[in-house]
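Residue 98 is where the sequence shown starts when you use our numbering, and the numbers rise one by one after that. Ideal placement from N, C-alpha and C gives every residue a C-beta, glycine not left out. Accompanying notes for the structure given below.
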Amino acid sequence: MTWDVALILGIDGLANGAVYLLAGLGLVLVFSVTRVVFVPFGDIAAFSALSLAAMEAGRMPATVGLVLTLAALAVAVEIGSALRNGQPARIPRAILGWGVLPALPCLLAWAIGGQKVPQALAIVTAILLVVPIAPLVARVALQPIADASVLVLLIAALALHFLLSGLGLLFFGPEGFRTQPLASGSFTLPGGLPVSGQVMLMVGSAVVLSGLFFLAFERTVAGKALRATAVNRIGARLVGIRPARTALLAYTCASLLGGLIGVLVAPAMTMYYDSGFLIGLKAFVAAIIGGLVSYPLTAIGALAVGVVESFGSFFHGALKDVIVFSLLIPVLLLRSALAAHPEEEQEEVEA
């Protein structure tokens, strides 16, 4: 290990950490608003990468069939809910919101499918294709049990991951794909250390998107509604904020982040239908470091996960994932030691 090697590993770790930062932001956003640990987040990133690879190869992305299938299920659930509640007037709006709107990016993908299109158009289409996935699966499986315990919601989210993974295998097949680099060339840092344009793009995207999310939460009405729901769901409902709508917005933002992550990592690694699971798990480690509530601590945790993974792969490539997930042990022990224990305090009072 020399200083040059350490710098190269550090830069590689920052690039990985930038990806985990975006994924961690999505996980914290969804959990803080809905209390759901959204396990399928990584699957959305994988579907985005596979969609981009299909369009670069001049093929129709299989995501079209996946999204239309989920949209049909969501429309059926919404219509059934409207009929049970005696509100048939909701049916046209349900068809529009849960059927027509998700089909629009599918129509765009169908229009350009089988053709060689500019990379920018393929990237936008791939991201738009996966944006409806999280809201659709949440409407079908998570919204009906929104008031359940966190454990029940976690089990449901885990089941959704396996469902989406199976659908990914059905629609995309077992083959892996890699897309063309989004940025060519390299930059030379002070000291003569070269950094590829792809790495600069990943880090820059994380910084810019984090800033945009901060501004959205601080300056926009929708962002303030998300923050209010995250702080106090009952209080938000009392002042006229509908948790179902803020949950829909949170899932949509998470899908958007997942789509961006898939586009960013696809040139750097071969993506399979289930490749997103590890991305989601490592982002979950970062989110746990942030307590699933703190965005700044999640960002620090994501960078730490990326750097630890990079150096771990240098010392023992086969155990790099074990080293990353081992970070959970000291973090959970520290949080357990610092957290208040109401049960113990109550026992002391009674004694």
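(request) Could you tell me which uninterrupted alpha helix (DSSP H) segments, each at least 4 residues in length, are contained entirely in the stretch 263-346, listed from first to last along the chain? (result) 294-316, 318-328, 330-335
(request) Would you kindly work out how many angstroms separate the C-alpha atoms of M157 and F269, rounded to a whole number? (result) As a working note, residue 157 is residue 60 in the sequence shown. As a working note, residue 269 is residue 172 in the sequence shown. If you take the alpha carbons of M157 and F269, they lie about 11 Å apart.
(message) Whether or not the stretch 120-136 and the stretch 417-427 are in contact is what I'm after, with contact meaning three or more pairs of Cβ atoms, one per stretch, closer than 8 Å; do they touch?
(response) no
(request) Output yes or no for whether 8 Å exceeds the beta carbon distance between P189 and V164. (result) As a working note, residue 189 is residue 92 in the sequence shown. As a working note, residue 164 is residue 67 in the sequence shown. Not closer than 8 Å, so no.
(request) Work out the CA separation of H413 and A350 for me, nearest whole Å. (result) Here residue 350 corresponds to residue number 253 of the sequence shown, with the count starting at 1. Here residue 413 corresponds to residue number 316 of the sequence shown, with the count starting at 1. Contrary to the premise, residue 350 reads as Cys rather than Ala in this sequence. C350 and H413: Cα-Cα distance of roughly 36 Å.
(message) Between L118, V127, G373, L309, which has its C-alpha nearest I397's C-alpha?
(response) Counted from its first residue, the sequence shown places residue 397 at position 300. That would be L118, whose Cα lies nearest to the Cα of I397.
(request) Determine, using beta carbons only, whether I242 and V234 come nearer to each other than 8 Å. (result) Position 145 of the sequence shown holds residue 242. Position 137 of the sequence shown holds residue 234. Taking 8 Å as the Cβ cut-off, I242 and V234 do not qualify as a contacting pair.
(request) Starting from N113, trace the alpha helix (DSSP H) both ways and give me its first and last residue. (result) Locating residue 113 in the sequence shown gives position 16, where the first residue counts as 1. Run containing N113: 100-131, per the alpha helix (DSSP H) assignment.
(message) Considering just the uninterrupted stretch of the alpha helix (DSSP H) at I242, what are its terminal residues?
(response) As a working note, residue 242 is residue 145 in the sequence shown. Here I242 belongs to no alpha helix (DSSP H), and DSSP marks it neither H nor E.
(request) Taking L239 and A253 to be in contact with their CB atoms under 8 Å, please state how far apart those CB atoms are, rounded to whole angstroms. (result) Within the sequence shown, numbered from 1, the residue matching residue 239 stands at position 142. Within the sequence shown, numbered from 1, the residue matching residue 253 stands at position 156. About 6 Å separates the two Cβ atoms, so the contact holds.
(message) Tell me the residue span of the alpha helix (DSSP H) that contains D418.
(response) Numbered from its first residue, the sequence shown carries residue 418 at position 321. From DSSP, the alpha helix (DSSP H) with D418 extends over 417-422.
(message) In this structure, how does DSSP classify M152 when only helix, strand and coil are distinguished?
(response) By one-based count along the sequence shown, residue 152 stands at place 55. The answer is helix: DSSP assigns M152 an H, G or I state.
(message) Based on DSSP bridge pairs, tell me the residues matched to M366.
(response) Position 269 of the sequence shown, counted from the first residue, corresponds to residue 366. Answer is none; M366 lacks a bridge partner.
(request) Excluding the 5 residues preceding and the 5 following W207 in the sequence, name in chain order all residues of the same chain whose CB lies nearer than 8 Å to its CB. (result) As a position in the sequence shown, residue 207 is number 110, starting the count at 1. The residues are M157, V161.
(request) Say whether the stretch 263-277 touches the stretch 386-404, bearing in mind that this needs 3 or more beta-carbon pairs closer than 8 Å, one atom from each stretch. (result) no
(message) Quick test of your reading: A365 and Q295, contact by CB under 8 Å. State the CB separation rounded to the nearest angstrom.
(response) Stepping through the sequence shown from its first residue, residue 365 is reached at position 268. Stepping through the sequence shown from its first residue, residue 295 is reached at position 198. Contact flag correct, Cβ pair sits at about 6 Å.
(request) Pick out whichever of F314, G403, A231 has its Cα sitting closest to the Cα of L354. (result) Locating residue 354 in the sequence shown gives position 257, where the first residue counts as 1. Among F314, G403, A231, the Cα nearest to that of L354 belongs to A231.
(message) One question on the structure: do S148 and A223 come within less than 8 Å of each other, judged by their Cβ atoms?
(response) Against the sequence shown, residue 148 aligns to sequence position 51. Against the sequence shown, residue 223 aligns to sequence position 126. For S148 and A223, yes; Cβs fall inside 8 Å.
(request) Determine the closest residue to V305 out of I141, V116, G110, V125, with distance taken between C-alpha atoms. (result) Start at 1 with the first residue of the sequence shown, and residue 305 comes out as number 208. Nearest option by C-alpha distance: V116.
(message) Quick check: what's the CA-CA separation for A415 versus F374?
(response) Here residue 415 refers to the residue found at position 318 when the sequence shown is read from its first residue. Here residue 374 refers to the residue found at position 277 when the sequence shown is read from its first residue. If you take the alpha carbons of A415 and F374, they lie about 18 Å apart.
(message) Once DSSP output is grouped into helix, strand and coil, what is the label at V446?
(response) On the sequence shown, position 349 is the one that residue 446 refers to. Low per-residue confidence applies at V446: pLDDT is 47, beneath 50, and the placement is therefore not dependable, though the value from the model is reported in the following sentence. Helix.
(request) Could you give the DSSP three-state label for F135: helix, strand or coil? (result) Here residue 135 refers to the residue found at position 38 of the sequence shown. F135 falls in the coil class under three-state DSSP.
(request) Return helix, strand or coil for Q184, following the three-state DSSP convention. (result) For this step, residue 184 is matched to residue 87 along the sequence shown. Residue state for Q184 is assigned as coil, using DSSP reduced to three classes.
(message) Please state the DSSP three-state secondary structure of G377.
(response) The sequence position of residue 377 within the sequence shown is 280, counting from 1. Three-state result, G377: helix.
(message) Please report the straight-line C-alpha distance between L61 and E272, rounded to a whole angstrom.
(response) Examination of residue 61 is not possible in this model, given that the chain is present from 98 through 448 alone.
(request) For N113, count neighbouring Cβ atoms within 10 angstroms of its own Cβ and tell me buried if that reaches 16, exposed if not. (result) By 1-based counting over the sequence shown, the position of residue 113 is 16. It is buried - the Cβ of N113 has at least 16 other Cβ atoms within 10 Å.
(message) Using a Cβ-Cβ cutoff of less than 6 Å, which residues in the same chain neighbour A325 once the five nearest sequence positions on both sides are dropped?
(response) Taking the first residue of the sequence shown as 1, we reach residue 325 at position 228. So the list reads A333, I338, once near-sequence residues are dropped.
(message) Just verifying my parser: in three-state terms, what is the DSSP assignment at H413?
(response) Looking up residue 413 in the sequence shown gives position 316. The answer is coil: DSSP assigns H413 none of H, G, I, E or B.
(message) I'd like the span of the alpha helix (DSSP H) that includes Q216, first residue to last.
(response) Numbered from 1 along the sequence shown, position 119 holds the residue referred to as residue 216. 216-227 is the span of the alpha helix (DSSP H), which, as asked, contains Q216.
(request) Determine the direct distance from the alpha carbon of L106 to that of W100, and round the result to whole angstroms. (result) For the purposes of this step, residue 100 is taken as residue 3 along the sequence shown, with counting starting at 1. For the purposes of this step, residue 106 is taken as residue 9 along the sequence shown, with counting starting at 1. About 10 Å.
(message) When you compare the CB of V234 with every CB in chain B, is at least one pair closer than 8 Å?
(response) In the structure shown, chain B does not exist; there is a single protein chain.
(request) Measure the CB-CB distance between W195 and V172 and report whether it falls below 8 Å. (result) Mapped onto the sequence shown, residue 195 falls at position 98. Mapped onto the sequence shown, residue 172 falls at position 75. Yes, these two residues count as a Cβ contact at 8 Å.
(message) Using a Cβ-Cβ cutoff of less than 6 Å, which residues in the same chain neighbour A322 once the five nearest sequence positions on both sides are dropped?
(response) To locate residue 322, count along the sequence shown from 1; it is residue 225. Closer than 6 Å at Cβ, skipping near neighbours: I338, T343.
(request) Can you grab the Cα-Cα spacing for the pair V328 / A143, in whole Å? (result) Sequence index remark: in the sequence shown, residue 328 carries index 231 (1-based). Sequence index remark: in the sequence shown, residue 143 carries index 46 (1-based). Straight-line Cα distance between these residues: approximately 31 Å.
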